[in-house]
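Participant:
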Amino acid sequence: MKADPTTNGAARLYTPTLLALAVELAACPRDPAQPLQGRAKSRTCGSEVLLSGALRADGAIEQIGMEVSACAVGQASAAIFAAAAPGMDARAITAKLEAMGDWLHGDAPHTILPRLELLDAARAYPARHEAILLPWRAAAAALSSQPNCG
């Protein structure tokens, strides 16, 4: 008897919707000439996010670009981040990073970010959690190195 592919963990995790979300990153290329630069790397899986961007006069992110070396879950998370981050300052990024950690542990709703429900299945895979947080960590690192952004 052939196994039902819908019961396969990878099939539940790597849905067509999640894969389509990951493809959105093509619209957000990293620009090493931008003044805002950040990097975050997963200790568990080796995934990495290199982030570039520009800031508004008030210290909020104006635009974002990324180079993401991660699984489709990490790429999808980066796409969600890219849509949400413009307008956020260092405090907002730090608060959202904390909220994302709470969400991953089941202590916050997916409504903390638009489209985060598309990553709900990944919460059951702790090995993917760091990849999900990488864009937020890269932004926090970049913003912490900027004067008047902390």
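The opening residue of the sequence shown carries number 0 in numbering that gives the first Met the number 0; numbering runs sequentially from there.
Glycine residues also receive a C-beta, built at the ideal position from the N, C-alpha and C atoms.
Is it true that the region 124 to 142 meets the region 42 to 55, where meeting means three or more beta-carbon pairs spaced less than 8 Å apart?
Facilitator: Short answer: they touch.
Participant: I believe A121 touches L12 by the beta-carbon criterion, under 8 Å. Please report the beta-carbon distance rounded to the nearest angstrom.
Facilitator: One-based indexing of the sequence shown puts residue 121 at position 122. One-based indexing of the sequence shown puts residue 12 at position 13. Contact flag correct, Cβ pair sits at about 6 Å.
Participant: According to the neighbour-count rule (16 or more other Cβ atoms, all chains shown, within 10 Å of its Cβ), is G197 buried or exposed?
Facilitator: In the structure as shown, the chain begins at 0 and stops at 149. Residue 197 is therefore absent and cannot be evaluated.
Participant: Please report the straight-line C-alpha distance between T16 and A94, rounded to a whole angstrom.
Facilitator: Here residue 16 refers to the residue found at position 17 of the sequence shown. Here residue 94 refers to the residue found at position 95 of the sequence shown. Cα to Cα, T16 sits roughly 27 Å from A94.
Participant: Would you kindly check if the distance between the Cβ of A21 and the Cβ of A71 is under 8 Å?
Facilitator: Counted from its first residue, the sequence shown places residue 71 at position 72. Counted from its first residue, the sequence shown places residue 21 at position 22. Yes. Within cutoff.
Participant: I131 and L118 - do their beta-carbons sit closer together than 8 Å?
Facilitator: Residue 118 sits at position 119 when you count from the first residue of the sequence shown. Residue 131 sits at position 132 when you count from the first residue of the sequence shown. Going by C-beta atoms, L118 is nearer than 8 Å to I131.
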